[in-house]
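S.K.: Got a structure for you, written out below as structure tokens; questions coming shortly.
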Amino acid sequence: MKKGLLLIGLFLLFGAAKCGKKSGYQLGELLRLQLGESARCQCQGPEIQFTAIKEDSRCPEYTNCIWEGQAVVQFSLNNSGRQYIDLSLRDGHPELASRKVGDYIYRLEKVSPYPQAGRVTEPEEYIVELVVEGI
């Protein structure tokens, strides 16, 4: 009986610890997500998930390119329904990096890793940094 209670207690303890590892974010603070990872605003705002790298045509380091390229990232927003948005990083076009949806502004800050000549970046290697602000 005691062993059973001990096992149940350990199960609950580890289950609660696992729930605590869910990503959360605060409005106005930098949020880092890996591909497929999601986070919910601690302000009861929408959940955001990094769902895809739609394009990464940025000019690789130490190379010369005619066009600097861009990184296009897809996010899934889920509050009272699911909605997808694309944000882009492209030199000279900061308007592509942010979008207003409902009462929030989503702003893409960084896409890592930066491309390197002769190396293919696997989707699971991507990490994005973004800021969500309330209006």
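Residue 117 is where the sequence shown ends in the numbering used here, and the numbering goes up by one at each step. Ideal Cβ placement from N, Cα and C applies to all residues, glycine included.
I need the DSSP call for THR45, collapsed to helix, strand or coil.
M.R.: Correct three-state label for THR45: coil.
S.K.: Could you pull out every residue in the same chain whose Cβ sits closer than 7 angstroms to the Cβ of LEU71, ignoring the five residues on either side in sequence?
M.R.: Excluding residues within five positions, the ones whose Cβ falls inside 7 angstroms are GLN52, ALA53, ALA79, LEU90 and VAL93.
S.K.: I'd like the list of long-range same chain contacts for TYR66, defined as Cβ closer than 8 angstroms, with 5 residues on each side in sequence excluded.
M.R.: Within the same chain, TYR66 has close Cβ partners THR33, GLN56, PHE57, SER58 and LEU59.
S.K.: Using the C-alpha atoms, what's the distance from PRO95 back to SER39?
M.R.: Computed Cα separation, rounded: 12 angstroms.
S.K.: Using DSSP with H/G/I as helix, E/B as strand and the rest coil, what is LEU9?
M.R.: Note: LEU9 maps to coil in three-state DSSP.
S.K.: Could you pull out every residue in the same chain whose Cβ sits closer than 6 angstroms to the Cβ of GLU50, ignoring the five residues on either side in sequence?
M.R.: Excluding positions up to five away in sequence, the list reads CYS41 and ASP73.
S.K.: How should TYR108 be labelled, buried or exposed, when 16 other C-beta atoms within 10 angstroms of its C-beta is the threshold for buried?
M.R.: Answer is buried; the Cβ neighbour count reaches 16.
S.K.: When burial is assigned at 16 or more other CB atoms within 10 Å of the CB, is PRO105 buried or exposed?
M.R.: Exposed is the call here.
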